[in-house]
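Data block below; observations after.
There are 2 protein chains.
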Amino acid sequence: MSKQITRRSLLVGAGVAGAGAALAGGGYMLKTTQDATAAPDPAAKNSNPVIPFYGVHQPGIVTPAQEHLHFAAFDLLTNDRMQVRGLLQIWSNAAATMMAGQALGAGDTPPHAPPADTGEALGHTAERLTVTIGFGPTLFTLNGKDRYGLADRRPEALIDIPPMAGDALQPERSGGDLCVQACSDNPQVAFHAVRNLTRLARGLAVMRWSQLGFNRTASTSKGQATPRNLMGFKDGTNNLKAEDTDLMDKHVWVGSNSQPDWMRGGSYLVARRIRMHLESWDRDYLADQERVIGRHKISGAPLGSKNEFDPVNLNAKDKDGAPLIDQNAHIGLAIGDGSIKILRRGYSFTDGTNSQTGELEAGLFFIAFQRDPRAQFVPLQTRLAQNDLLNEYITHTGSAIFACPPGASQGGFVGETLFTR
Amino acid sequence: MSKQITRRSLLVGAGVAGAGAALAGGGYMLKTTQDATAAPDPAAKNSNPVIPFYGVHQPGIVTPAQEHLHFAAFDLLTNDRMQVRGLLQIWSNAAATMMAGQALGAGDTPPHAPPADTGEALGHTAERLTVTIGFGPTLFTLNGKDRYGLADRRPEALIDIPPMAGDALQPERSGGDLCVQACSDNPQVAFHAVRNLTRLARGLAVMRWSQLGFNRTASTSKGQATPRNLMGFKDGTNNLKAEDTDLMDKHVWVGSNSQPDWMRGGSYLVARRIRMHLESWDRDYLADQERVIGRHKISGAPLGSKNEFDPVNLNAKDKDGAPLIDQNAHIGLAIGDGSIKILRRGYSFTDGTNSQTGELEAGLFFIAFQRDPRAQFVPLQTRLAQNDLLNEYITHTGSAIFACPPGASQGGFVGETLFTR
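What follows is the structure, given as structure tokens:
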């Protein structure tokens, strides 16, 4: 195994060295004589498709949500802390290269070696690719064991998410020691990122589960229109927006006085695979769908209001004095007293058909970033799980939590604050 | 059951009546007072996003391949031929409406009825949505039984695809009485089409399997660059192109003298879910990958040539007299003597992770249209299955064949030529 790791490390090391010298290029390029014939990108949609990897925060959190997702969770195979650290260096270098729109590896691939890059993103630009890396609770403690001497550095906020009412979690869609969230406006570019990081981890970590997501279900920037989820409702109208930097500091980023210090500038990611029972939902009356959500289906306005962004008044009454919004409507329980806010960044998914029932295996892959899940996701989801009218039509089938450390400084790597002391 | 069907039929009937009156509108719209607040399409990419549904041929065959696919196969539940005919009328009307970028249903949805449209495509344009409908062998004969009095109209070309070397077909990913191929440049629009057609079939047909595809793996028009599949190679360089109408008539469309007459202007669709063993592929040397495919990875040029579209000379030798292209390379077996041509229209897919192995469940969802599978797909795939070097890295896990009848005339429906006599 060590032999393989060495070869990989060398290959990637070479790739990184080359990347720094050629960041100006747009589009994945291998430096070969055939390069000039690479096809133009058929799916390029953005004039500035490159998001920086290095910075105070990791990319893919306040980056305006891209259209497509490939998310993967990994189990570590190694018992050697330095190998985990090495993997994070390898991943960070590769992520920076791919986010710059470049192929992994530098110079011609020798014919008698595997290509450093798998190649399916050649001819595409980065299309705003972001790679976000996170650490699960089991990186710190697995079955009570301090695997890597990191147990005392586990953040208190990196809890094991408690069971919620109605949970039907599948172990094979839950948990993980590490995660990679790859987002891009091109699904093949996002796939390419996860696939190549998986490949670079060979012998060190194995993919535990992965999820493809299409069409973002939340806006994270004021420049983005509110998308619709697969229930046909606008989703995330009241989501936090990246432009509100004071709210980001308050609700999303781990603050400069928080513990542990290695998480300062980071954020906690909670992922939930929420299966929608679309066949039942589609049989429900419009009025009941709107009662369940608490919004009008077409406009997205709160019930009784006209426009999507009208303020939500949970105490509004109709002319007969009846509440306009049911006390267990999704909107009301999600808002609560307004004190809990999270940055949602989810996607629609479908994984084909359930061969027993003929129902679509589809729904919402929920992702949210927050400063402290104990004070945000957990109380929020607890009240939703207990009383949300929507529960009749959804089931949570996967769950995971990850501590996403701050961004890497130029030449550094994601996780350096944890692994260097 | 009949009660439910009646209600559905009425709902759709209303939708279709409304659709004709308002085809000029761009973007899915429900005629409600909230309509004016609908968000602009965040993903619109095309200035002319509407493909006509009605015509000599069905759409989605020679339409320049869109970026995304949602494919579904259905099993019929009814024993009543007139109900099958009715379903095809319903589907055709709904497909025409959705392809025009409109929501199903006309006028306000009554509050105490399910919405006629599920809503997730609201705010999007059609983004070149096409819906293509096909008939599987089991529509004609199931377990030796003439289900609908159609057995004598089964085309001889609509064979049961014979077993191929290396097949590992899963019944739950194969076959089907009917199919719907929905393609769009927006995956949510394609999903919406399949989901709403599935819903309209309730009580008549149930989804047997479905497949989401991202990033087309073939060009079908001279205006499109050749895309790369997940092996990182350009795929479909020598594909038929829609502009070559004489080749379309020769290889794709059922001719005006062919039998049965109801298929004239139609085409036969073969779908194969081809899982790629990406982990093994990624360990293979570049030189061997290129030997397996018979092309250079970066340029797509035939081995020994410089440019993608250089002619393929299977007899070319290097300076030492050794063949440049292995006799069992994919390219050579696919081309053969050049007499067999098909119109490929496939997509990449990934359905997450195999929880036993940690491998990506990913590959190519192969779709091809042709005039006669007996003379095209079957001999082609037989020689590939037997000798293709690529077989070390792929497994066919699903298979289906469908007769796609000619296009519907205005006011008619797909399948009218079969069901009206």
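Protein chains in written order, with my numbering: chain A, 1 to 421; chain B, 1001 to 1421. Heads up, the beta-carbon is just placed ideally off N, CA and C, and yes, glycines get one too.
Excluding five sequence neighbours on each side, which residues of the same chain lie with their C-beta closer than 6 Å to the C-beta of residue i?
i, result
"A:Ile-61", "Ser-267, Phe-369"
"A:Phe-419", "Arg-85"
"A:Arg-275", "Gly-363, Thr-395, Thr-397"
"B:Asn-1391", "Gly-1166"
"A:Gly-411", "none"
"A:Gly-352", "Glu-361"
"B:Ala-1024", "Residue placement at B:Ala-1024 is poorly supported in this model, since its pLDDT is 36, which falls under 50; the coordinates still yield a value, given next. Counting only Cβ-Cβ distances below 6 Å, and skipping sequence neighbours, we find nothing."
Look at residue i and residue j and say whether their C-beta atoms are less than 8 Å apart.
i, j, result
"B:Ala-1073", "B:Ala-1400", "yes"
"A:Leu-343", "A:Thr-220", "yes"
"A:Glu-120", "A:Ser-184", "no"
"B:Gly-1203", "B:Leu-1104", "no"
"B:Arg-1383", "A:Gly-358", "no"
"A:Arg-272", "A:His-70", "no"
"B:Gly-961", "B:Asp-1177", "The structure shown does not extend to residue 961 of chain B, since chain B spans only 1001 to 1421, so no value can be given for it."
"B:His-1251", "A:Tyr-285", "no"
"A:Phe-402", "A:Leu-269", "yes"
"B:Val-1131", "B:Met-1082", "no"
"B:Leu-1169", "A:Arg-228", "no"
"B:Gly-1346", "B:Ile-1331", "no"
"A:Phe-214", "B:Pro-1187", "yes"
"A:His-57", "A:Pro-406", "yes"
"B:Thr-1237", "B:Gly-1300", "yes"
"A:Ala-316", "A:Met-164", "no"
Could you tell me whether any non-hydrogen atom of the ligand MN is closer than 7 Å to the CB of residue i?
i, result
"A:Phe-191", "Questions concerning the ligand MN fall outside what the structure shown contains, since it holds no ligand whatsoever."
Does the beta carbon of residue i sit closer than 8 Å to a beta carbon anywhere in chain B?
i, result
"A:Met-207", "yes"
"A:His-112", "yes"
"A:Thr-118", "yes"
"A:Arg-199", "yes"
"A:Ala-22", "Because A:Ala-22 carries a pLDDT of 36, less than 50, the predicted location of this residue cannot be relied on, and no value is offered for it."
"A:Ser-210", "yes"
"A:Tyr-148", "no"
"A:Gln-188", "yes"
"A:Ser-355", "yes"
"A:Asn-46", "Interpretation of A:Asn-46 is limited by its pLDDT of 48, a score under 50 that renders its predicted location unreliable; no figure is taken from the coordinates."
"A:Thr-109", "yes"
May I ask you to list the residues that DSSP assigns as paired with residue i?
i, result
"B:Tyr-1054", "According to DSSP, which records beta bridges pairwise, B:Tyr-1054 is partnered with nothing at all."
"A:Met-459", "Limits of chain A in this structure are 1 at one end and 421 at the other, which puts residue 459 of chain A out of reach."
"B:Pro-1162", "Its beta-bridge partners do not exist; DSSP assigns none."
"A:Ala-72", "A:Val-180, A:Ser-210"
"B:Arg-1228", "B:Lys-1234"
"A:Lys-145", "A:Leu-142"
"A:Val-62", "Its beta-bridge partners do not exist; DSSP assigns none."
"A:Phe-425", "This structure does not reach residue 425 of chain A, given that chain A is present from 1 up to 421, and the question cannot be answered."
"B:Val-1131", "B:Ala-1182"
Please tell me whether residue i has its Cβ less than 8 Å away from any Cβ of chain A.
i, result
"B:Lys-1222", "no"
"B:Arg-1344", "no"
"B:Ile-1394", "no"
"B:Phe-1402", "no"
"B:Ile-1298", "yes"
"B:Pro-1115", "yes"
"B:Phe-1214", "yes"
"B:Leu-1030", "Its pLDDT being 44, under 50, B:Leu-1030 is placed unreliably in this model, and the value from its coordinates should be taken loosely. By this cut-off, B:Leu-1030 is an interface position."
"B:Arg-1275", "no"
Looking only at its own chain, which residues have a Cβ that is under 7 Å from the Cβ of residue i, when we skip the five neighbours before and after it?
i, result
"A:His-296", "Glu-290, Leu-303"
"B:Leu-1278", "Leu-1230, Leu-1360, Ala-1362"
"A:Thr-198", "Ala-72, Met-207"
"B:Glu-1172", "Trp-1209"
"A:Ala-433", "Here chain A covers residues 1 to 421 and nothing more, so residue 433 of chain A does not appear."
"A:Pro-260", "Arg-153, Pro-155"
"A:Glu-308", "Thr-226, Lys-234, Thr-237, Ser-299, Gly-300, Ala-301"
Leaving out the 5 sequence neighbours to the left and right, which residues in its chain are closer than 8 Å to residue i when beta-carbon positions are compared?
i, result
"A:Ser-409", "Tyr-54, Glu-416"
"B:Gln-1034", "Low local confidence applies: a pLDDT of 30 at B:Gln-1034 is under 50, so the model's placement there is unreliable, with the coordinate-based value given in what follows. Around B:Gln-1034: no qualifying Cβ."
Length at least 3, wholly inside the segment 1167-1226 of chain B: the beta strand (DSSP E) runs in chain order: 1178-1184, 1205-1216
Of all the alpha helix (DSSP H) runs that stay within the bounds of the segment 1316-1342 of chain B, which reach a length of 4 or more residues? 1330-1335
Give, in chain order, every unbroken run of the alpha helix (DSSP H) that is at least 4 residues long and sits entirely within the segment 1345-1416 of chain B. 1377-1387
Go through the segment 254-315 of chain A residue by residue and report every complete run of the alpha helix (DSSP H) that reaches 4 residues or more, in order. 278-281, 286-293
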